[in-house]
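Asks: Got a structure here, written out as structure tokens. Questions coming.
Protein chains: 2
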Amino acid sequence: MSPGKQASANTESVDNYLKAILTLGGREESRVTIKSLAERLRIAPASVTNMLQKLSGSTATLVDYERHGGVQLSPAGKRRALEVVRHHRLIETFLYEVLDYPLEEVHEEAERLEHFISERFEERIAAKLGHPKIDPHGHSIPSMEGEMTARESMLLADVIEDGIFVIDSVSDQDTHNLRLIEACGITPGARLRVRKNSSSDSYSVSIGRSSKAYDLSREVARDVRIIRLKG
Amino acid sequence: MSPGKQASANTESVDNYLKAILTLGGREESRVTIKSLAERLRIAPASVTNMLQKLSGSTATLVDYERHGGVQLSPAGKRRALEVVRHHRLIETFLYEVLDYPLEEVHEEAERLEHFISERFEERIAAKLGHPKIDPHGHSIPSMEGEMTARESMLLADVIEDGIFVIDSVSDQDTHNLRLIEACGITPGARLRVRKNSSSDSYSVSIGRSSKAYDLSREVARDVRIIRLKG
DNA sequence: CCTACCAATTAGGTATACCTAAATTAGAGA
DNA sequence: TCTCTAATTTAGGTATACCTAATTGGTAGG
Chain A
497 MSPGKQASAN
507 TESVDNYLKA
517 ILTLGGREES
527 RVTIKSLAER
537 LRIAPASVTN
547 MLQKLSGSTA
557 TLVDYERHGG
567 VQLSPAGKRR
577 ALEVVRHHRL
587 IETFLYEVLD
597 YPLEEVHEEA
607 ERLEHFISER
617 FEERIAAKLG
627 HPKIDPHGHS
637 IPSMEGEMTA
647 RESMLLADVI
657 EDGIFVIDSV
667 SDQDTHNLRL
677 IEACGITPGA
687 RLRVRKNSSS
697 DSYSVSIGRS
707 SKAYDLSREV
717 ARDVRIIRLK
727 G
Chain B
497 MSPGKQASAN
507 TESVDNYLKA
517 ILTLGGREES
527 RVTIKSLAER
537 LRIAPASVTN
547 MLQKLSGSTA
557 TLVDYERHGG
567 VQLSPAGKRR
577 ALEVVRHHRL
587 IETFLYEVLD
597 YPLEEVHEEA
607 ERLEHFISER
617 FEERIAAKLG
627 HPKIDPHGHS
637 IPSMEGEMTA
647 RESMLLADVI
657 EDGIFVIDSV
667 SDQDTHNLRL
677 IEACGITPGA
687 RLRVRKNSSS
697 DSYSVSIGRS
707 SKAYDLSREV
717 ARDVRIIRLK
727 G
């Protein structure tokens, strides 16, 4: 076995490379450097080069790698990467909705399990959850066919209809506002129930499943970006 | 690293050794031969010897291995093995009860996932299922503390109270009876709903979730061993 | 245009679990 | 007690993914 350097390669490991390339490539799916991949995977750059050579020489080409030219997913690679992302986000949703996991613990478990569930498992939890399109962090869940719709964030101050949202980001421009915001437990990734107070020009918010509510002025609400869930 | 030959060793692999030793050791927890372990794990005997040497030299002693003297689980090893069995059976129950898996598919998925779920996952599915003591195949689920109660099979002909059972075994003494039995779909491992017909001296049975019922005479029912579920 | 720097690659090595083939050893029967 | 056989162990090798250190390549400034 000397020519081409192809070989089998462990699924779990390969999946992690593909996911990383997908993420780092961004919306434009641009080529990804070995260094950035290495950093993301917490692996030595030399190891990444090695793995990519093995992957691109393999029978099913998952990756378009060129010496000194970075990597990009092939169509097959992208399909597989989205499949893994779908697994991950479905599992997260399942853990949160069905098994009542705290939101913070959902990621770690999904990160492990995503590599080992069968198609049947995927299909069954999807059905149980009513084929959700959004995970508990507000990220889109790719469809079975590998379609993923983009999500857009909005300002908390622009909410017109009450609902459940995920916190996308918080502006750190105004230290005073930031302190107020953090005091309510608002951190990126958390879930937020929002009720618009019609009388005073403010928003009543509560975090996660907690019943404790805080009032935020419109001014402060301008520093919080959120994403609507269930939509 | 020359003395003692200890090392880390992959959890999944170790777990499979421990489970196999537990099973092969039987109720008396007798010492297990390298050959039988090798057969069960479908691995060369030499590989088994190697692994056991590594395991018994390891910091946390999971196994009591002696040159030419077979293996036995240490208390810690038994604890771990029962933990894995608990995972396996809880997952099977979960797949069957919550995700509506067909009974035949439950084992394969559990065999993979049992190594990767967290304590939290275990605890949550156990709670969701009401802390079951029996899996869908009729096997006891070890408790969190590693206790496992023995289950006993009975003859279908001895059923006095209707209920749901698991088929344990079928006698192949009488070919004619056997043919009748198999015609109903009765195979070891399947689930059986049993209703005793008070008028005629026979049993009305149906397999799995199917609504199709068959009548079996008392004579035929003497050739089927079953285990009561939900007890 | 050339050089210095940093990214990427190559070379060579570790640890994992497994394999086959060649000893060894324990135990049963003569 | 001796011998034979089958189980077990040892020796030596494969493939996996990773590592470090040394080399090479591309490119941005001088």
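Chain order of the listed sequences is A and B. Sequential numbering of the first sequence, starting at 497, is according to the working numbering. Sequential numbering of the second sequence, starting at 497, is according to the working numbering. Built from N, CA and C at the ideal position, the CB exists for glycine as well.
Along chain B, which residues have their Cβ under 8 Å away from the Cβ of residue 621 of chain A?
Replies: Result: 595.
Asks: Give the interface partners of residue 608 of chain B over in chain A, defined as CB-CB distance under 9 Å, in chain order.
Replies: The answer, in chain order, is 612, 613, 614.
Asks: Hey, how far is the Cα of residue 608 of chain B from the Cα of residue 612 of chain A?
Replies: Approximately 7 Å, taken between the alpha carbons.
Asks: Here's the rule I'm using: 16 or more other beta-carbon atoms within 10 Å means buried, otherwise exposed. How should residue 547 of chain A be labelled?
Replies: Its Cβ being crowded by 16 or more others within 10 Å, residue 547 of chain A is buried.
Asks: Nearest CA to the CA of residue 693 of chain A: which residue from A:674, A:667, A:652, A:673?
Replies: For the residues A:674, A:667, A:652, A:673, the minimum Cα distance to residue 693 of chain A belongs to A:652.
Asks: For residue 524 of chain B, which of B:585, B:574, B:675 has the nearest alpha-carbon?
Replies: Comparing Cα positions, the closest option is B:574.
Asks: So, with DSSP's three-state summary, where would you put residue 661 of chain A?
Replies: Reduced to three states, the DSSP call for residue 661 of chain A is strand.
Asks: Go through its chain and collect everything with a Cβ distance to residue 631 of chain B's Cβ below 6 Å, but skip five positions before and after it.
Replies: Excluding sequence neighbours, residue 631 of chain B sits near 585, 588, 589, 637.
Asks: Just how far apart, CA to CA, sit residue 513 of chain B and residue 533 of chain B?
Replies: One C-alpha to the other measures close to 8 Å.
Asks: Just to confirm, are residue 684 of chain A and residue 655 of chain A a CB contact at a threshold of 8 Å?
Replies: No. Outside cutoff.
Asks: Measure from the C-beta of residue 629 of chain B to each C-beta in chain A and report whether the shortest distance is under 8 Å.
Replies: So no, residue 629 of chain B is outside the interface.
Asks: Count the other CB atoms within 10 Å of the CB of residue 566 of chain B; is the residue buried (16 or more) or exposed (fewer)?
Replies: That one is buried.
Asks: Taking just the CA atoms, how far does residue 671 of chain B sit from residue 559 of chain A?
Replies: Approximately 58 Å, taken between the alpha carbons.
Asks: In chain B, which residues lie with their C-beta within 8 Å of the C-beta of residue 624 of chain A?
Replies: Within 8 Å Cβ-Cβ: 594, 595.
Asks: Which ranges does the alpha helix (DSSP H) cover as unbroken runs of at least 4 residues, wholly within the segment 572-653 of chain B, from first to last along the chain?
Replies: Entirely contained in the segment 572-653 of chain B, the alpha helix (DSSP H) runs reaching 4 residues are, in chain order, 599-609, 615-624.
Asks: Between residue 617 of chain B and chain A, is any beta-carbon pair separated by less than 8 Å?
Replies: Answer yes: the Cβ-Cβ gap between residue 617 of chain B and chain A drops below 8 Å somewhere.
Asks: On the CB-based measure, 16 or more other CB atoms within 10 Å of its CB, does residue 516 of chain A come out buried or exposed?
Replies: Looking at its Cβ environment, which holds 16 or more other Cβ atoms inside 10 Å, residue 516 of chain A is buried.
Asks: Counting C-beta neighbours from all protein chains within 10 Å, is the total for residue 610 of chain A 16 or more, i.e. buried, or is it exposed?
Replies: Counting Cβ neighbours within 10 Å, residue 610 of chain A comes out buried, since at least 16 surround it.
Asks: Output the boundary residues of the alpha helix (DSSP H) element that contains residue 550 of chain B.
Replies: 541-553 is the span of the alpha helix (DSSP H), which, as asked, contains residue 550 of chain B.
Asks: Is residue 703 of chain B helix, strand or coil by DSSP?
Replies: The answer is strand: DSSP assigns residue 703 of chain B an E or B state.
Asks: With a threshold of 8 Å between beta-carbons, can residue 605 of chain B be considered close to chain A, or not?
Replies: Answer yes: the Cβ-Cβ gap between residue 605 of chain B and chain A drops below 8 Å somewhere.
Asks: Please list the terminal residues of the continuous alpha helix (DSSP H) segment that includes residue 512 of chain A.
Replies: It spans 507-521 - the alpha helix (DSSP H) in which residue 512 of chain A sits, taken as one unbroken run.
Asks: Assign residue 708 of chain B to one of three DSSP states: helix, strand, or coil.
Replies: Of the three classes helix, strand and coil, the one that applies to residue 708 of chain B here is coil, per DSSP.
Asks: Residue range of the alpha helix (DSSP H) that residue 530 of chain A falls in?
Replies: Its alpha helix (DSSP H) spans residues 530-537.
Asks: In whole angstroms, what separates the C-alpha of residue 620 of chain B from that of residue 596 of chain A?
Replies: Approximately 8 Å between the Cα atoms of the pair.
Asks: With a cut-off of 8 Å, does the C-beta of residue 504 of chain A fall near any C-beta of chain B?
Replies: Answer no: the Cβ-Cβ gap between residue 504 of chain A and chain B never drops below 8 Å.
Asks: Quick one: grab the DSSP three-state call for residue 725 of chain A.
Replies: Residue 725 of chain A falls in the coil class under three-state DSSP.
Asks: How many Å lie between residue 602 of chain B and residue 545 of chain B at the Cα?
Replies: So the alpha carbons of these two residues sit roughly 32 Å apart.
Asks: Could you pull the start and end residues of the alpha helix (DSSP H) that residue 567 of chain A belongs to?
Replies: From DSSP, residue 567 of chain A is part of no alpha helix (DSSP H) but of the beta strand (DSSP E) over 567-569.
Asks: Using the three-state DSSP reduction, which class does residue 655 of chain A fall into: helix, strand or coil?
Replies: Of the three classes helix, strand and coil, the one that applies to residue 655 of chain A here is coil, per DSSP.
Asks: Out of A:507, A:518, A:510, A:509, which one is the CA nearest neighbour of residue 642 of chain A?
Replies: Selected option, being the one with the closest Cα: A:518.
Asks: With a threshold of 7 Å on Cβ separation, who are the neighbours of residue 520 of chain B within its own chain once the five nearest residues in sequence on each side are excluded?
Replies: For residue 520 of chain B, where only same-chain residues beyond five positions count, the Cβ hits under 7 Å are 528, 532, 533, 536.
Asks: Hey, out of A:557, A:707, A:689, whose CA is closest to residue 723 of chain A's CA?
Replies: Checking every option, the nearest Cα to that of residue 723 of chain A belongs to A:689.
Asks: Using a Cβ-Cβ cut-off of 8 Å (strictly less than) and excluding sequence neighbours within five positions of residue 506 of chain A, which residues of its own chain qualify?
Replies: Contacts found: none.
Asks: Nearest to residue 592 of chain B by alpha carbon, out of B:563, B:633, B:576?
Replies: When only C-alpha atoms are compared, the closest one is B:633.
Asks: What is the DSSP secondary structure of residue 688 of chain A, counted as helix, strand or coil?
Replies: In this structure, residue 688 of chain A counts as strand in the three-state DSSP scheme.
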